[in-house]
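Peer 1: Here it is, the structure, as structure tokens.
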Amino acid sequence: MELTTDYIKKFDGKWYKDTYYSSLFDSVEEGNLLKFGMDSFHDMFNSDVDFGGRMLDVGTGPVIHSILSASRRLHHIDLSDYSPSNIDLLTDWKTDTSHGDYDALIKYEMKLADDRRSVSERETEIKSKVLGIRRIDLTSENVFQETASHDVLYDVIVSSLCLEAASADKEVYRKCLRNISNLLKTGGYLIIFGVLEETFYRVGDVRFNCLHLTSEDIRTIYEGNGFKILKWSTMFPEDHPPKVEENDFSDFKNVFAMMTQKI
Ligand SMILES: C[S@@+](CC[C@H](N)C(=O)[O-])C[C@H]1O[C@@H](n2cnc3c(N)ncnc32)[C@H](O)[C@@H]1O
1 MELTTDYIKK FDGKWYKDTY YSSLFDSVEE GNLLKFGMDS FHDMFNSDVD
51 FGGRMLDVGT GPVIHSILSA SRRLHHIDLS DYSPSNIDLL TDWKTDTSHG
101 DYDALIKYEM KLADDRRSVS ERETEIKSKV LGIRRIDLTS ENVFQETASH
151 DVLYDVIVSS LCLEAASADK EVYRKCLRNI SNLLKTGGYL IIFGVLEETF
201 YRVGDVRFNC LHLTSEDIRT IYEGNGFKIL KWSTMFPEDH PPKVEENDFS
251 DFKNVFAMMT QKI
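The sequence shown runs 1 to 263 under the UniProt record's numbering.
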């Protein structure tokens, strides 16, 4: 199968969304990764931390699991991605009056939050918090190509499964992190959901590269670039991770959720 880094031409956002985000539990493709991510976001945003008002989701892709819990706490959320076709899918979601694609995710988050309203009412509320959908290139110092990068700094930045996908090596990862940091207020929160020791993941008929990183690498990179790690959890115990069967879809060994603060 072809190995690629071409997010402009080869990333089939619809396939990605339908394959990895239609079911929450024990999926053949990624086990309980999505459930772990959503539980972690819920725990972080359900805490008594004062998050402020403006949030950026970096490398949103065609999916919205990473903003669901956050949308209960922040009134201004910008989504962003490198791939123009993902920007189109997110824009379709935001502007379309039909509902349905994310019902399973929204229902699950509502259950966590003990929210008894209808799914469509909640989805409308989430959409109302999404005020921008921005083209971004994390590897470039001028990350937002279309406007000045340093317009208003964010209070919170969230990123799910993006930095390890966008970075060819650790130096690029550090550069991406510094570029993210430039968008965040001092004292602001950076929340990362990522995979450990993964080298590829599949999208349709191609495999995308993923930067192999251990938990030690992650801690060293963030602490070495001005972030204090406030919360850290992994899907499997770090000292005894079960052997995850490598399958056709990806080869991650563990998954982490981390809340950091810019110091
Ligand atoms: C594995 S997907 C993750 C999507 C989604 N956030 C999720 O959790 O499923 C990786 C995402 O990173 C984005 N990406 C790749 N290179 C990037 C770059 N240089 N800057 C910003 N985003 C990038 C891709 O377009 C893609 O949407």
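We put the beta carbon where it would ideally sit given N, CA and C, even for glycine.
#1: Extract the residue ranges of the alpha helix (DSSP H) inside the segment 167-231, only unbroken runs of 4 or more that lie entirely within it.
#2: Indicate whether V255 and V195 have their beta-carbon atoms separated by less than 9 Å.
#3: Any idea which residues DSSP pairs R154 with across the strands?
#4: Return the chain-ordered list of same chain residues with a C-beta closer than 8 Å to the C-beta of E238, the five sequence neighbours on each side being excluded.
#5: Say the cut is 8 Å; is the CB of P62 nearer than that to a heavy atom of ligand 1?
#6: Tell me, please, which residues DSSP counts as bridged to H76.
#7: When you compare each of D103, I126, Y102 and G100 to R72 by their alpha carbons, which one comes out closest?
#8: Rounded to a whole number of angstroms, what is the C-alpha to C-alpha distance between T5 and C176?
#9: Buried or exposed for P62, going by 16 or more other Cβ atoms inside 10 Å?
#10: Which whole-angstrom value describes the C-beta separation of S80 and A257, a residue pair presumed to lie in contact below a C-beta threshold of 8 Å?
#11: Mark D78 as exposed unless 16 or more other C-beta atoms lie within 10 angstroms of its C-beta, in which case mark it buried.
#12: Using the DSSP secondary-structure output, state which residues sit across from R134 in a beta bridge.
#13: Below 8 Å on the Cβ atoms is my contact criterion, and I expect G188 with Y222 to pass it. Report the Cβ-Cβ distance as a whole number of Å.
#14: If R135 and I180 are in contact, beta carbons under 8 Å, what's the gap, nearest whole angstrom?
#15: Tell me which same chain residues have a C-beta within less than 7 Å of the C-beta of G53, skipping the five on either side of it?
#16: Please tell me whether, using a cut-off of 8 Å, the distance from the CB of F193 to the nearest non-hydrogen atom of ligand 1 is below it.
#17: Here's the rule: buried if 16 or more other CB atoms are within 10 angstroms of the residue's CB, otherwise exposed. What is Y67?
#18: Within 10 angstroms of its Cβ, does H42 collect 16 or more other Cβ (buried), or is it exposed?
#19: Assuming contact is defined by CB atoms lying nearer than 9 Å, are Y108 and A166 in contact in what I supplied?
#20: Smallest Cα separation from D169: which of I218, N247, G226 and S69?
#21: What are the residues that DSSP puts in a beta bridge with T234?
#22: Could you say which of D114, I263 and Q261 lies nearest to N46 if we only look at CA atoms?
#23: With a cut-off of 8 Å on the beta carbons, I'd call residue 267 and M1 a contact; round off their distance for me.
#24: Looking only at its chain, what residues have a beta carbon closer than 6 Å to the beta carbon of I192, apart from the 5 residues adjacent to it on each side?
#25: Buried or exposed: F144, going by 16 or more other Cβ atoms within 10 Å of its Cβ?
Peer 2: Taking the definition as stated:
#1: 170-181 and 215-223
#2: For the purposes of this step, residue 255 is taken as the residue at position 255 of the sequence shown. For the purposes of this step, residue 195 is taken as the residue at position 195 of the sequence shown. In this structure, V195 lies closer than 9 Å to V255 by Cβ.
#3: Counting from one through the sequence shown, the residue named residue 154 turns up at place 154. Checking the displayed sequence, the identity of residue 154 turns out to be Tyr instead of Arg. DSSP output for Y154 lists L184 as bridge partner(s).
#4: Locating residue 238 in the sequence shown gives position 238, counting from the first residue. Once the five neighbours on either side are set aside, the close Cβ partners of E238 are S215 and N254.
#5: On the sequence shown, position 62 is the one that residue 62 refers to. Yes; taking the cut-off as 8 Å, the Cβ of P62 has a heavy atom of ligand 1 nearer than that.
#6: The residue labelled residue 76 in the question sits at position 76 within the sequence shown. Answer by DSSP bridge pairing, in chain order: R54.
#7: If you number the sequence shown from 1, residue 72 lands on position 72. The residue with the shortest Cα to Cα distance from R72 is I126.
#8: Stepping through the sequence shown from its first residue, residue 5 is reached at position 5. Stepping through the sequence shown from its first residue, residue 176 is reached at position 176. Rounded to whole angstroms, T5 to C176 spans 16 Å at the Cα level.
#9: Indexing the sequence shown from 1 puts residue 62 at position 62. P62 should be labelled buried.
#10: On the sequence shown, residue 80 is found 80 positions in, with the first residue counted as 1. On the sequence shown, residue 257 is found 257 positions in, with the first residue counted as 1. Contact doesn't hold; Cβ gap of about 20 Å is too wide.
#11: Taking the first residue of the sequence shown as 1, we reach residue 78 at position 78. It counts as buried.
#12: Here the question's residue 134 lines up with position 134 in the sequence shown. Note: R134 sits in a beta bridge opposite S80.
#13: Sequence index remark: in the sequence shown, residue 188 carries index 188 (1-based). Sequence index remark: in the sequence shown, residue 222 carries index 222 (1-based). The pair is not a contact, with the Cβ atoms about 14 Å apart (cut-off 8 Å).
#14: As a working mapping, residue 135 is identified with position 135 in the sequence shown. As a working mapping, residue 180 is identified with position 180 in the sequence shown. No, R135 and I180 are not in contact; Cβ-Cβ is about 15 Å, not under 8 Å.
#15: Position 53 of the sequence shown, counted from the start, is the residue given in the question as residue 53. So the qualifying residues of the chain are L74, H75, H76 and D155.
#16: Residue numbering aside, residue 193 sits at position 193 when the sequence shown is read from its first letter. Under cutoff, so the answer is yes.
#17: By one-based count along the sequence shown, residue 67 stands at place 67. The question names Tyr, yet the displayed sequence has Ile at residue 67. Buried is the call here.
#18: Numbered from 1 along the sequence shown, position 42 holds the residue referred to as residue 42. Under this definition H42 is a buried residue.
#19: The residue labelled residue 108 in the question sits at position 108 within the sequence shown. The residue labelled residue 166 in the question sits at position 166 within the sequence shown. Cβ atoms of Y108 and A166: not closer than 9 Å.
#20: Position 169 of the sequence shown, counted from the start, is the residue given in the question as residue 169. Looking at the Cα atoms, I218 is the closest of the given residues.
#21: Position 234 of the sequence shown, counting from 1, holds the residue named residue 234. Bridge partners of T234: F256.
#22: On the sequence shown, position 46 is the one that residue 46 refers to. Out of D114, I263 and Q261, D114 has the C-alpha closest to the C-alpha of N46.
#23: What is shown of the chain runs 1 to 263, which leaves residue 267 out entirely.
#24: Against the sequence shown, residue 192 aligns to sequence position 192. The answer, listed in chain order, is S159 and M258.
#25: The count along the sequence shown starts at 1 and reaches residue 144 at position 144. By the 10 Å Cβ count, F144 comes out buried.
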